[in-house]
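Following: one structure in structure tokens, then a few remarks.
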Amino acid sequence: MTGRVYLVGTGPGDPELLTVKAQRLLQNSDVVVYDRLVSDEILEQIPPGVSRIYVGKRSGRHPVPQAEINQLLHRLAEAGHVVVRLKGGDPFVFGRGSEEAAWLAAHDIPFEVVPGITSASACSAYAGIPLTHRGLASGVQFVTGHSQADRELDPDWRSLADPDKTLVIYMGLANIARISRELIAAGLPSGTPAAAIEQGTTARQRRLLTTLADLPRMAREARLAPPVLFVIGRVVSLAETLEWFEPQAATAVLPVEREGHG
Ligand SMILES: C[S@@+](CC[C@H](N)C(=O)[O-])C[C@H]1O[C@@H](n2cnc3c(N)ncnc32)[C@H](O)[C@@H]1O
Numbered sequence: 064m065t066g067r068v069y070l071v072g073t074g075p076g077d078p079e080l081l082t083v084k085a086q087r088l089l090q091n092s093d094v095v096v097y098d099r100l101v102s103d104e105i106l107e108q109i110p111p112g113v114s115r116i117y118v119g120k121r122s123g124r125h126p127v128p129q130a131e132i133n134q135l136l137h138r139l140a141e142a143g144h145v146v147v148r149l150k151g152g153d154p155f156v157f158g159r160g161s162e163e164a165a166w167l168a169a170h171d172i173p174f175e176v177v178p179g180i181t182s183a184s185a186c187s188a189y190a191g192i193p194l195t196h197r198g199l200a201s202g203v204q205f206v207t208g209h210s211q212a213d214r215e216l217d218p219d220w221r222s223l224a225d226p227d228k229t230l231v232i233y234m235g236l237a238n239i240a241r242i243s244r245e246l247i248a249a250g251l252p253s254g255t256p257a258a259a260i261e262q263g264t265t266a267r268q269r270r271l272l273t274t275l276a277d278l279p280r281m282a283r284e285a286r287l288a289p290p291v292l293f294v295i296g297r298v299v300s301l302a303e304t305l306e307w308f309e310p311q312a313a314t315a316v317l318p319v320e321r322e323g324h325g
């Protein structure tokens, strides 16, 4: 008998951003496989009888290789289990959910994908930043700021430097100085409003509001640490007016690094 794997997005931290479907699946699974960007409050929703397997980075060690995670999902499903593979945000947005789904498809393991609220939507909303706004941004681009090992970050800077579109950068902290420099060189005004959101939607959310030119210095001085999302564009100018979220009153906390749970 073959089980089934559900690739489930949790949203970026606040457990109340879990979808009804994600919550139902958590209650009805045999085993949950999760990594670093799943908050403790979301893990608390897993009933005591359900096994948990942590496949994120362990202190001082490398992350579990993707091939090992694929094989684990394969083994669990082959043993007939209902497996929930939990992922921060949305599994199909910079989450390697598609790589896992491709592996499952290639091995005839039944799977379903449950979208989650991606951090671009949730963190910007909790920071008071709309991704589009009439007269300020007619579109939005989601990009990674992370370069592959041994390669330089090399997107089409000119297409990213579009003042009419909001630019959301995932995984960009290590490269933010270069990103800021290249965007300015490609024509985006240095005074373009810019924000950094650390641990968005959680009790430890921090939001920096600045300009494109000052973003690297501000991020350095604030000693930002992952996970951090950058939002660049005219919509950031609304952040103070639209501020509503009080992190101190929130409950969710994102683990920075976690020991294995099992
Ligand atoms: C590997 S990607 C995973 C993205 C995820 N699948 C999503 O849809 O949000 C990790 C990056 O997402 C962003 N991110 C995820 N959760 C976040 C949070 N709570 N606050 C700020 N950024 C977050 C950061 O840019 C982080 O480096």
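In short: position in the sequence shown from 1, add 63, done, that's this note's numbering.
Virtual Cβ for every residue (Gly too), placed ideally from N, Cα, C.
Residue range of the unbroken beta strand (DSSP E) whose run includes residue i
{"i": "G202", "result": "G202 to T207"}
{"i": "T270", "result": "Per the sequence shown, the amino acid found at residue 270 is Arg instead of Thr. Start and end: R269 to T274."}
{"i": "R67", "result": "R67 to G72"}
Per DSSP, the bridge partner or partners of residue i
{"i": "I116", "result": "V96"}
{"i": "I295", "result": "L230 and A257"}
{"i": "G143", "result": "G143 pairs with nothing; no bridge assigned."}
{"i": "L149", "result": "V71"}
Residue i versus residue j: straight-line alpha-carbon distance, rounded
{"i": "S102", "j": "V96", "result": "13 Å"}
{"i": "L317", "j": "P193", "result": "23 Å"}
{"i": "H209", "j": "N238", "result": "7 Å"}
{"i": "F174", "j": "C186", "result": "28 Å"}
{"i": "D171", "j": "F157", "result": "24 Å"}
{"i": "P111", "j": "G191", "result": "36 Å"}
{"i": "L326", "j": "A188", "result": "Here the chain comprises residues numbered 64 to 325, so residue 326 is not present and cannot be evaluated."}
{"i": "L271", "j": "V299", "result": "10 Å"}
{"i": "W307", "j": "Q134", "result": "43 Å"}
{"i": "E141", "j": "Q86", "result": "24 Å"}
Host alpha helix (DSSP H) of residue i (start-end)
{"i": "I105", "result": "D103 to L106"}
{"i": "V83", "result": "V83 to Q90"}
{"i": "P279", "result": "L278 to E284"}
Cut-off 7 Å between Cβ atoms - residues of its own chain near residue i, not counting five sequence neighbours on either side
{"i": "V94", "result": "V113, S114, I116, L139, H144 and V146"}
{"i": "E162", "result": "Q129"}
{"i": "A315", "result": "G76, D77, P78, S102, E104, T264, T265 and A266"}
Residue i Cβ short of 6 Å to ligand 2 heavy atom set
{"i": "V147", "result": "Inclusion of ligand 2 in the displayed structure is not the case, the ligand content consisting of ligand 1 alone."}
Neighbourhood of residue i by C-beta, 8 Å cutoff - its chain only, sequence neighbours within 5 removed
{"i": "G254", "result": "T274, L275 and A276"}
{"i": "L136", "result": "V68, V96, V146, R148, E163, W166, L167 and I172"}
{"i": "D227", "result": "A200, S201 and G202"}
Beta-carbon contacts of residue i that lie in its chain and below 6 Å, excluding the five residues immediately before and after
{"i": "L100", "result": "G151"}
{"i": "T82", "result": "none"}
- Going along the chain, which unbroken runs of the alpha helix (DSSP H) with 4 or more residues stay wholly within the region 156 to 243? With a minimum length of 4 residues, the continuous alpha helix (DSSP H) runs that stay inside the region 156 to 243 are 160 to 169, 182 to 189 and 220 to 223.
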